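To start, the structure itself, in structure tokens.
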Amino acid sequence: MTITARRLPILFLVMFAFAATLAAQDKAAQIDALLKKYNEFGQFNGSALVAENGRVIYKKGIGYANMEWK
Numbered sequence: 200m201t202i203t204a205r206r207l208p209i210l211f212l213v214m215f216a217f218a219a220t221l222a223a224q225d226k227a228a229q230i231d232a233l234l235k236k237y238n239e240f241g242q243f244n245g246s247a248l249v250a251e252n253g254r255v256i257y258k259k260g261i262g263y264a265n266m267e268w269k
């Protein structure tokens, strides 16, 4: 099976989009792990939103809204 010249750019575009999605998911997982670790040590309670190149890659609230509810 050969790839025609017209389909090659589409293939590269799909591969690039897939790789960018995986990279964003990896960054989101790293951010999540970091914030959870800070929360475990009582250093962070709140919301975090991280954007890269105009796209949100991470948004989450961690911890208690009110420490008295703990």
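The numbers in the working numbering rise by one with no breaks, and the one at position 65 of the sequence shown is 264. Backbone N, C-alpha and C define an ideal beta-carbon position, used for all residues, glycine too. Source: prediction; values computed, not measured.
In terms of CA proximity to Glu-267, Asn-244 leads the group Tyr-237, Leu-233, Ile-230, Asn-244. Using a Cβ distance threshold of 9 Å, Ile-256 and Lys-226 count as a contacting pair. Within the same chain, and ignoring the five residues on either side of Asn-238 in sequence, the residues whose Cβ sits closer than 6 Å to its Cβ are Ile-261, Gly-262. Per DSSP, Arg-254 is one residue of the beta strand (DSSP E) stretching across 254 to 261.
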